[in-house]
Amino acid sequence: MKLTITEAALNCFLNEWGFQAGDEVRIYTRYSSGGREGFSLGLMKATPLYPAISIVEGRVTFFMEEKDIWYLEKTDLIVDCDKEGIVFQFVGED
Numbered sequence: 003m004k005l006t007i008t009e010a011a012l013n014c015f016l017n018e019w020g021f022q023a024g025d026e027v028r029i030y031t032r033y034s035s036g037g038r039e040g041f042s043l044g045l046m047k048a049t050p051l052y053p054a055i056s057i058v059e060g061r062v063t064f065f066m067e068e069k070d071i072w073y074l075e076k077t078d079l080i081v082d083c084d085k086e087g088i089v090f091q092f093v094g095e096d
């Protein structure tokens, strides 16, 4: 499992979402009618409690908690930005 934040995504978080250096962004699993297995990913500003995976880009920490990491089993996650906004790409899915 690897977490990647693209430059486009970082710029979106800083310039459109208003995040700043030193902020922490949690990527979490939530129930959803779309997405994989009835779940999808969400984003929120939060302090890590039990981070399973994290990366610092542009002095912003992005992380997933231990209780959410199951969603990435055997896949890597790339957080990117397109004209619609933040998108999640899963690499290594069956």
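With our numbering applied, the sequence shown corresponds to residues 3 to 96, in that order. The C-beta atom is built at its ideal place from N, Cα and C for all residues, glycine as well.
- Note: Ile80 is bridge-paired with Thr6 and Gln91 in the DSSP secondary-structure output.
- Residue nearest to Tyr52 within the set Glu59, Arg61, Phe41 and Phe65 is Phe65 (criterion: CA-CA distance).
- Counting the other Cβ atoms within 10 Å of the Cβ of Tyr33 gives fewer than 16, which makes it exposed.
- Apart from the 5 residues on each side of it in sequence, Lys47 sits with its Cβ closer than 8 Å to the Cβ of Phe21, Asp25, Glu26, Val27 and Arg28 in its chain, given in chain order.
- About 10 Å separates the beta carbon of Asp84 from that of Gln91, a gap too long to meet the 8 Å contact definition.
- Check the Cα spacing between Asn13 and each of Tyr73, Ile80 and Glu59: the tightest is with Glu59.
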